[in-house]
Amino acid sequence: MIKKIKYFLVAIILIFLIIFIKKLEDYKNFSNIYALEKKINNLKEINIVLKENIEKIYNNLYVNYDETIENIKDFKNILNILKNDRLIKILGLENLLNNINDKFYYETKIIEKIIEENAIIKSSFLYLFFLKKEIVISNIKDRKVIDTINDILNRFTYEIFSKESSDKEYFKKNIEIIKNYKTSNKKLAKYLEIYVNQSQILFDLTKDSFSLLNEFKNYNKKLSKNLEQINFKIRDYKNYINRQNLIIEIILQVIMLFLIIAIFFLINKEQKIEQKLKRMVEYDFLTGLPNRYKLIKDIKKFKDVYVVRFDIDNFSYINEKYGMSVGDEVLKFLAKVLNSLCPNYAYRASSDEFLVLCKTEKKEDIKIFFNNLKEEIKKSSPYFFTLSGGAYKLSKKNVDIGKLNNYFRSAIFSAKKRGGDYLIFYDNNDLFIKEFEYYSKIG
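Residue numbers for the sequence shown follow my numbering, so the first one is 577 and each next one is one higher.
Structure below.
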């Protein structure tokens, strides 16, 4: 039994160990997941910042280009780290990460081109103002040409700052007006030719700039969507781990509960066996009364009480004449009567020897007890028998059991010498007691 309990305890300890290891593994997994989530969120933030910077460029707001370049580098570095991340492989995100890498490559190229073209647009736009000034200084007389030059500048100003594309045919028509203007002033002609060429370059760049912006927004949007897909996969994986952990923990807890119940069952069974063994050791099988072993344990706890021992007179004769089964019935009946008169303190010491512990210091109480016992036997017993008793008062705890046994033997000897059915209090002045003790010493 103890061996089984030990096995169950070992099993519980192992389950606790498994749960502990599992918790450590979960902590490690979730740490990796949170680290991955943080990297993906960093990519999303960088992508948003890049979008905002491009919008600032188109809105002619200040942009720190060094910071933009650093953001691009950070994005690339994070992507390189993610390529070697174990969770990326576990979640099967390699293709999605490659798509993000490809999209960001093209997005970066577009950003570079936008920055470059934006610088050219602004410088070309400023150059057109310079050319206008030089043309005016050159004393151009044609009002229509001057108005056309101003109109083109106004259109570019509106187009660059409002981000709305002008009509191609309208622009072509205005350019033709300037081209068709004839002058003998070589310097003016040169400025007009440069103005036409720069206007055409600026027109083409602004047209291309709008397509670049749309292309950038398209890649940026797709990139954000891919990053969100990774986040969704991570969340789904977290939920999967949580569900799996919950199932495992429930199974382990059910097993542990079963083991604990089994241990309680085994302990309870062990206690019952122990109680049964204890009863077998401390209680008489036939009568159910505490035995001599229990008496010796209990008697050491008391003082200033009377201990009374009873022997059935001529018990061997009852066994021989009526049989041992009748003798057993007599013993059981006497045990029942003693237990009713003195509950919990009646004992069977040996074959026909019974003892009771009476919590009194008065001889009269013992005499009354003995008379009540005799009356109950006469009234209720189906068999006729008498008792001889010896009483001794304990005046201290931890009495010498050997001496106490001699006192009882000598007192009962005296009672039997008086014809039985008699109670004697131990007194070393009693003649029969003296006789018994004298012959006991000689023997």
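The C-beta atom is built at its ideal place from N, Cα and C for all residues, glycine as well.
Would you list the one or two residues that DSSP bridges to residue i?
i, result
"Ala922", "Val932"
Between the options, which has its C-alpha nearest residue i's C-alpha?
i, options, result
"Asn982", "Ile696, Ser787, Phe1012, Leu673", "Phe1012"
"Leu626", "Asn818, Tyr1015, Ser800", "Ser800"
"Asn807", "Tyr998, Asp997, Asn618, Asp1006", "Asn618"
"Phe960", "Leu933, Gly978, Asp997, Val975", "Asp997"
"Ile622", "Ala987, Tyr638, Glu643", "Glu643"
"Lys620", "Ile676, Glu601, Lys848, Asn660", "Ile676"
"Tyr746", "Ala925, Gln776, Leu980", "Gln776"
"Ile810", "Lys679, Arg855, Asp661", "Asp661"
"Leu729", "Glu804, Asn694, Glu692, Val772", "Val772"
"Glu692", "Ile616, Ile725, Thr782, Ala765", "Thr782"
"Lys939", "Lys993, Glu896, Ile1000", "Ile1000"
"Lys870", "Ile725, Ile831, Tyr859", "Tyr859"
"Leu655", "Ile666, Arg985, Glu670", "Glu670"
"Lys793", "Ser1016, Glu631, Ile713", "Glu631"
"Val721", "Leu764, Tyr682, Lys972", "Leu764"
"Thr684", "Asn647, Leu707, Ala695", "Asn647"
"Leu673", "Leu637, Ala695, Leu803, Asn890", "Leu803"
"Asn1004", "Phe651, Ala987, Arg994, Ala991", "Ala987"
"Asp812", "Ile977, Ile609, Ile713", "Ile609"
"Ser990", "Asp887, Ser916, Leu933", "Asp887"
"Lys539", "Ile624, Asp780, Ser901", "With the chain covering 577 to 1019 only, the question about residue 539 has no answer from this structure."
"Phe706", "Gln774, Thr759, Asp723", "Gln774"
"Leu865", "Val913, Phe878, Leu835, Leu842", "Val913"
"Asn761", "Glu752, Phe651, Ser714", "Ser714"
Spatial neighbours of residue i within its chain, please: C-beta separation below 7 Å, excluding the five flanking residues on both sides.
i, result
"Leu768", "Ile711, Ile754, Tyr757"
"Asp727", "Asn750"
"Leu862", "Asp904, Leu907, Lys908"
"Val857", "Tyr869"
"Asn844", "none"
"Tyr795", "Lys679, Tyr682, Glu683, Ile686"
"Ile664", "Leu658, Glu670, Leu673"
If you reduce the DSSP assignment to three classes, tell me which class residue i lands in.
i, result
"Tyr610", "helix"
"Leu862", "coil"
"Gly966", "strand"
"Tyr998", "strand"
"Glu937", "coil"
"Val772", "helix"
"Val975", "coil"
"Ser986", "helix"
"Asp1006", "coil"
"Ser927", "coil"
"Leu619", "helix"
"Thr759", "coil"
"Asn660", "coil"
"Ser956", "helix"
"Tyr638", "coil"
"Asn947", "helix"
"Phe786", "helix"
"Tyr961", "The sequence shown places Phe at residue 961, rather than the Tyr named in the question. Coil, per DSSP."
"Asn647", "helix"
"Asn867", "coil"
Apart from the five residues just before and just after residue i, which ones in its own chain have a Cβ nearer than 6 Å to its Cβ?
i, result
"Tyr968", "Val883, Tyr983, Tyr1002"
"Ile594", "none"
"Ser957", "Phe909"
Considering only residues of the same chain and omitting the five flanking positions on each side of residue i, which have a CB-CB separation below 8 Å?
i, result
"Leu778", "Ile697, Ser700, Phe701, Leu704, Phe732"
"Tyr641", "Ile691"
"Ala925", "Asn867, Arg868, Leu871, Arg885, Leu931"
"Asp880", "Glu937, Lys969, Leu970, Ser971"
"Ile657", "Lys615"
Could you tell me whether the Cβ of residue i comes closer than 7 Å to any Cβ of chain C?
i, result
"Gln851", "In the displayed structure, chain C is absent; only one protein chain is listed."
Using 6 Å as the cut-off, classify the Cβ of residue i as near or not near the heavy atoms of the ligand MG, replying yes or no.
i, result
"Glu952", "Absence of the ligand MG from the depicted structure is noted, as is the absence of any ligand whatsoever, leaving it without description."
Report the start-end ranges of each alpha helix (DSSP H) in the segment 871-923 that is 4 residues or longer and not cut off at the edges. For the alpha helix (DSSP H) assignment, the uninterrupted runs of no fewer than 4 residues enclosed by the segment 871-923 are, from N- to C-terminal side, 891-898, 900-917.
List in chain order: all unbroken alpha helix (DSSP H) runs of 4+ residues lying wholly within the segment 666-738. Runs of alpha helix (DSSP H) with 4 or more residues, each lying fully within the segment 666-738, are found at 670-713, 719-738, listed in chain order.
Contiguous beta strand (DSSP E) assignments of at least 3 residues, all confined to the segment 821-853: Qualifying beta strand (DSSP E) stretches: none in this window.
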